[in-house]
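Worksheet: one structure, shown below.
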Amino acid sequence: MPPKNILGKGLGAILPDLLDDLNERPSFLRCGVEELVPNRFQPRKEFNDEEHRILVESVRENGVLQPVIVRPLEDGYEIIAGERRWRAAKEAGFKEIPILIRNAEDVEVAELSLIENIQRSSLNALEEAEAYRTLMNFFGLSQEEISSKVGKDRSTIANTLRLLKLDEKIRKELIEKRITPGHARALLTLEKKEDQFAALNTILKKNLSVRETERLVQRSAKNQEKIVRNKESSHLNDIEKVLSSRLKTPVNIRQGKKKGRIEIRYSSTEERDRLIALLNPPS
């Protein structure tokens, strides 16, 4: 398995066949910004953050210093890496930008787009999870293979994918950074959405930390378990009454966590024989 510090080695160490001769300026071309189209596997969906605005100002003042890596289409080029620079150049009013043309298969494009964004820490947790799901469902990669490619533990991949189970309301709070992935994962331990929403409101109202949220969720889960036990106990009490009336003798149901027992009491051999006859009628 590749070493886990692969992200620190740069894109060239991960997919060198796509980035050969990246520093050889004679291989650069200039291309009209309108000839480029975004990468269909781009995991990042939100580009209008503060980081993007800073990049636009930098490009406006200094130009695009690093080429955008593209692959040829029938009409124009598809961006493999560098979509942020392309968008910033368009917003800054540039008509042309430097490009580096490479041939690449779909899976390589998807991998490189994910890796580039992870290296720049520009994906939110849900965008990262969606990218992992694309690699798994569209290209058939396992979590272990994704782990090797992006340099993250398989458990981290699995925990990120769990965020896709979140309700849209909680996703919005995560995207807008009012809660963290740690808060969101804690909420997922609650089975019912209404319990998750109630806990979310408490998190936002009291500005709870992840550790405080975990304690809140544990208390909520215990309370929910107690409610379920009380409901079950009430239901069993009703059954006891029905059976006692039907058999005309006291019946007790003793329920443990999984196992239990049903007790039917009698006070004489005659009553015992009567009960046996009721429970085991002749065929």
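The sequence shown begins at 117 in our numbering and counts up by one.
Glycine included, each C-beta is placed from N, C-alpha and C at the ideal position.
Three-state secondary structure (DSSP) of residue i
| i | result |
| --- | --- |
| Y382 | coil |
| G148 | strand |
| N368 | strand |
| R301 | helix |
| R249 | helix |
| R294 | coil |
| R156 | coil |
| P142 | Low local confidence applies: a pLDDT of 41 at P142 is under 50, so the model's placement there is unreliable, and no value is given. |
Range of the contiguous alpha helix (DSSP H) that encloses residue i
| i | result |
| --- | --- |
| Q312 | K309 to K322 |
| N275 | R270 to R278 |
| K265 | Q259 to V266 |
Spatial distance of residue i from residue j (CA atoms)
| i | j | result |
| --- | --- | --- |
| E387 | K373 | 32 Å |
| P188 | S336 | 55 Å |
| V358 | K364 | 10 Å |
| R331 | T276 | 21 Å |
| T329 | D354 | 37 Å |
| F254 | E246 | 11 Å |
| E224 | D269 | 21 Å |
| N219 | I196 | 10 Å |
| P397 | G376 | 25 Å |
| K322 | R278 | 25 Å |
| R362 | L394 | 10 Å |
| F157 | T272 | 21 Å |
| N155 | D222 | 10 Å |
| S85 | T318 | Residue numbering for the chain in the displayed model covers 117 to 399; residue 85 lies beyond these limits and cannot be assessed. |
| S384 | L352 | 26 Å |
| H299 | V326 | 5 Å |
| E227 | L251 | 8 Å |
| P159 | L239 | 7 Å |
| P214 | E173 | 18 Å |
| D191 | E151 | 8 Å |
| V333 | K347 | 21 Å |
| G148 | E284 | 38 Å |
| N178 | K206 | 14 Å |
| P297 | E379 | 50 Å |
| E261 | E244 | 15 Å |
| R390 | N368 | 18 Å |
| Q312 | L320 | 12 Å |
| N139 | L306 | Legend: pLDDT at N139 = 45, less than 50; position of this residue unreliable, no value from coordinates given. |
| F210 | Q182 | 14 Å |
| L324 | A314 | 13 Å |
| Q259 | I185 | 27 Å |
| G267 | R249 | 16 Å |
Presumed contact (8 Å Cβ cut-off) between residue i and residue j, rounded CB distance
| i | j | result |
| --- | --- | --- |
| E212 | R146 | 5 Å |
| R201 | V180 | 5 Å |
| I291 | L230 | Not a contact, Cβ separation roughly 18 Å. |
| L316 | I286 | 6 Å |
| L304 | K281 | 6 Å |
Ordered list of beta strand (DSSP E) runs contained in the segment 174-244, each at least 3 residues: With a minimum length of 3 residues, the continuous beta strand (DSSP E) runs that stay inside the segment 174-244 are 184-188, 193-197 and 212-217.
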